[in-house]
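> In our numbering, the protein residues as written are -13 to 929.
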């Protein structure tokens, strides 16, 4: 089955041949009276065009079509499409105006001769060549006469419009004649030269013309600007060009492109080509195709739909299966859990009924890299993307909205006064994730910061609890010292204490030696592990960098050798130090102390005192002294723990503030782009959400503490930013300490509420202190005819009509994001004016930065948005499918051709007119939309 698709053709619509004044390549010696030389030159000509990437040309020899047949045949050999054309100098003005006349592809040299005679007025009395100079002569007819009489099979283009012989040059025609020519219905396009950004501020007439700022020439707002090479040598071919979007090149396709230059014309100077010189290649993410297979609940056959990278419109009758395609895309790339509850339930019911045994798959292109990826979905596995031999959850971003969903996201909820804000932030956060290319980034970062808070607070609290025991330990030491002192006389006790001090110090020294040895071994393992990770590849991608990798490996090897040697030396030094500890004066002292303790124990036996009691007391005393030393270390590190905790709290708040900043930036961009939306953000304003989270954390029922928790939330959060910061600090300190006296003076809560907080365990208290309310956003839209500077002209979306709410939300989703966007029947609740003024213009702009897929019943969207691909689906009662028919008609033999393509495709055009509301009227509006503002002027001039 054949499926047609429009594409961009690189066109040079003004090229000359050796028919007149063509500069042949140096060193060539062609005899164009010989067929072989004409063919050889034509092949060389076409090869040069292909080298420049040119797909389509229009011949523009002055007053002749002598080379048309040769060039058409050569074009077929080399894949270049050749439009018949001719350039004429009209009889208007001091030196004549140049016009390019381009005909249907099947036009011949004879047709050009006939047109030159009948339309331009050349005859025996007015020959095409000046008899004296043999140069092309001007036509007897004026520019308006030629345009008036131009046959339907031809288009007119004005070349080098602002230069000599240009239609807008002051050296050619002036006043009413120029005005009539520029505003003529049959003038299809003009070449104004290269348009630069500086033209938008230029006061010159040419600058204002190029930037379409001449109010007395309304034509320039609708005339397409093109770029042509006007080549008179092989080297000039394709030096300037125009990308033109067509289903397939034809005179009608050119005319359709000229009718909608914003969507179909890109001259070589256009800023849209910066960074990507080929509009057929897109850098944004897009879905190539989706396949609905397996056992579908509403179709006995599988369905495959192919998409264009830019604007796609899916049409069909009621029940044709359009929304089934949207549902499949949502299962593959969307998230049901982010939908409003009512919409989520409906979607789940649909999936259960239609996709329970389905196998959905798709192919997509990743942004920037343009790599191909695939996604697969089943009810058992969910959506997965293949990665090597495994599969991961699909992360390809896509935004999918139905009109009903957009309406629900702004609906008021009496049980949650910030529901609309929460739903809107869901969209904002999804857009930010799509923009970053990572899903769940904020949540992951938040969880890491919360873990850091939990750890640092727990460490600080544990340290303070241990330090609180210091008086108890000091008292215990004094008591044990008195008990130990009761054994023996003063002299023996003195010797015992000295000996015990020496032995304690020896134990500390031995412990420190062991720790250092362990540290050196750990350092060795860590360093070698990091060095191994930093190794250069054994097989670099190219030999050009081998020497650099070898140099890096040499540095690494030398470092490893030096480190191994240094570590070995250190271990030897530590071992030598240990041995020195076992000899010399200190070793003698330790040995003496050990003998002294043994002698003291023997002395105890002689006195009839139990040595075990003495040893037990001594061990308890030594343990208490060691614990006191440990507390001294904790005390010295307490400030560091508090600083680490402060950094953790600061980091946590910074994460929330960073999210607020990113949200506000996106909302500000939407404000600037739309001009009709305004947003107000209240940081940490969703106290209802905070109250709900507190209840969940503490396991409190909905009817518990119904006044206490909201009162506390209001005191902490519903105040100025400066006061809020102070109160948050007080709240946090009270929660973590379990002492709420400072807050009790400010907030009137019941005693049992404070009692409940005091009884929380440490983990609950820390988690409670970490709770922040979400931000609150209020969205306003500008009333019709309103003044943006007048606050009274802005209305809250939540208090507006269904149509206004839908329009505002559509404006929001259309003014941000670069991920693929799917809109399911966005026109519902909107009148035709809203569709034409809001949806169509924004979709037309969005197509340049993102893929857009629209399901619609309104013809204005595919026709006046000029969709790259319109897809017609139908349901024959048994299966959903893309509509198809035989290429030559049902009675003819031939391949089945899908009804999918751009609007100039006859079967697509017919389906739009037959199926959609206002189909015929939409095509009529497209034909006249650029001409309406000129009709009064034309009538006056012709009258």
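In this text, a Cβ means the ideal position worked out from N, Cα and C, and glycines have one as well.
What does the Cβ neighbour count give for residue 735, buried or exposed, with the cut at 16 atoms within 10 Å?
It counts as buried.
> For residue 77, tell me which candidate among 912, 129, 771 has the shortest Cα-Cα distance.
Nearest option by C-alpha distance: 129.
> Using a Cβ-Cβ cut-off of 8 Å (strictly less than) and excluding sequence neighbours within five positions of residue 127, which residues of its own chain qualify?
Correct list, in chain order: 76, 77, 105, 106, 107, 135.
> Does residue 191 pass the burial test, meaning 16 or more other C-beta atoms within 10 Å, or should it be called exposed?
The residue is exposed, with fewer than 16 neighbouring Cβ atoms inside 10 Å.
> Exposed or buried, which one is residue 541 when buried takes at least 16 other CB atoms within 10 Å?
The residue in question, residue 541, is exposed, as its Cβ has fewer than 16 Cβ neighbours within 10 Å.
> What's the call for residue 20, buried or exposed, on a 16-neighbour Cβ count within 10 Å?
Result: exposed.
> So what's residue 378 in DSSP terms, helix, strand or just coil?
Strand at residue 378.
> Can you check whether the CB of residue 54 is closer than 8 Å to the CB of residue 95?
Yes, Cβ-Cβ distance for residue 95 and residue 54 is below 8 Å.
> For residue 918 and residue 209, what's the separation of their Cα atoms in angstroms?
Because residue 918 sits at a pLDDT of 38, beneath the cut-off of 50, its placement in the model cannot be relied upon, and the following sentence gives the value as read from the coordinates. Near 13 Å, if we compare the C-alpha coordinates of residue 209 and residue 918.
> Measuring alpha carbon to alpha carbon, tell me which of 267, 482, 211 ends up nearest residue 243.
Minimum Cα distance to residue 243 is reached at 211.
> Rounded to a whole number of angstroms, what is the C-alpha to C-alpha distance between residue 163 and residue 834?
Their backbone Cα atoms lie some 38 Å apart in a straight line.
> Hey, quick one: how far does the alpha helix (DSSP H) through residue 539 stretch, first residue to last?
Per DSSP, residue 539 belongs to the alpha helix (DSSP H) from 532 to 567.
> For residue 227 versus residue 390, is the C-beta distance shorter than 8 Å?
Not in contact: residue 227 and residue 390 (Cβ atoms no closer than 8 Å).
> My assumption, with CB atoms under 8 Å, is that residue 792 sits in contact with residue 816. Please give the rounded CB distance.
Their Cβ separation, rounded to whole angstroms, is 6 Å, which keeps residue 792 and residue 816 in contact under 8 Å.
> Is the beta carbon of residue 439 sitting closer than 8 Å to the one on residue 634?
Cβ atoms of residue 439 and residue 634: closer than 8 Å.
> Of the residues 460, 392, 849, 12, which one's Cα is nearest the Cα of residue 944?
The structure shown does not extend to residue 944, since the chain spans only -13 to 929, so no value can be given for it.
> Tell me the rounded alpha-carbon separation between residue 926 and residue 205.
Bear in mind that the predicted position of residue 926 carries a pLDDT of just 39, short of 50, making it too unreliable to give a figure here.
> Would you kindly work out how many angstroms separate the C-alpha atoms of residue 922 and residue 146, rounded to a whole number?
Note that residue 922 scores 38 on pLDDT, short of 50, meaning its location in the model is unreliable and no value can be drawn from it.
> Nearest to residue 33 by CA position, among 899, 6, 51, 67, is which residue?
Ranking the options by Cα distance to residue 33, first place goes to 67.
> What span of residues does the beta strand (DSSP E) with residue 872 cover, start to end?
Here the beta strand (DSSP E) through residue 872 covers 870 to 872.
> Would you tell me roughly how many angstroms separate the C-alpha atoms of residue 410 and residue 846, rounded to the nearest one?
Rounded to the nearest angstrom, the two C-alpha atoms are 28 Å apart.
> Taking 8 Å as the cut-off, does the segment 319 to 328 touch the segment 857 to 866 (at least 3 CB pairs, one atom from each stretch)?
The segment 857 to 866, when compared against the segment 319 to 328, does not touch it at the 8 Å Cβ threshold.
> Just checking, does the segment 308 to 318 make contact with the segment 889 to 905 on the three C-beta pairs under 8 Å criterion?
Verdict: no, contact absent.
> So, is residue 322 buried or exposed, given that buried needs 16 or more other C-beta atoms within 10 angstroms?
Classification for residue 322: exposed.
> Taking only three categories from DSSP, how would you classify residue 218?
The answer is coil: DSSP assigns residue 218 none of H, G, I, E or B.
> Which residue's Cα is closest to the Cα of residue 233: 892, 906, 908, 912?
The candidate whose alpha carbon is nearest that of residue 233 is 892.
> Rounded to a whole number of angstroms, what is the C-alpha to C-alpha distance between residue 531 and residue 494?
C-alpha separation (whole angstroms): 54 Å.
> Roughly how many angstroms lie between the CA atoms of residue 458 and residue 552, to the nearest whole one?
Rounded to whole angstroms, residue 458 to residue 552 spans 47 Å at the Cα level.
> Count the other CB atoms within 10 Å of the CB of residue 216; is the residue buried (16 or more) or exposed (fewer)?
Per the 10 Å Cβ criterion, buried.
> Do the CB positions of residue 350 and residue 274 come within less than 8 Å of each other?
It is a contact, given that the beta carbons lie within the stated cut-off.
> Could you pull the start and end residues of the beta strand (DSSP E) that residue 289 belongs to?
Taken as a continuous stretch (DSSP letters only), the beta strand (DSSP E) holding residue 289 covers 289 to 292.
> Could you name the residues of the same chain whose beta carbon sits closer than 6 Å to that of residue 837, not counting the 5 residues immediately before and after it, in chain order?
Around residue 837: 272, 295, 806.
> Determine contact between the segment 673 to 691 and the segment 749 to 761, defined as no fewer than three beta-carbon pairs at a distance below 8 Å.
Output reads yes: the segment 749 to 761 touches the segment 673 to 691.
> Taking C-alpha atoms, which residue in 83, 93, 251, 333 lies nearest to residue -2?
Cα-wise, what sits closest to residue -2 is 251.
> Which same chain residues, not among the five before or five after residue 713, have their C-beta less than 6 Å away from its C-beta?
The residues are 702.
> Which residues share a DSSP beta bridge with residue 690?
According to DSSP, which records beta bridges pairwise, residue 690 is partnered with nothing at all.
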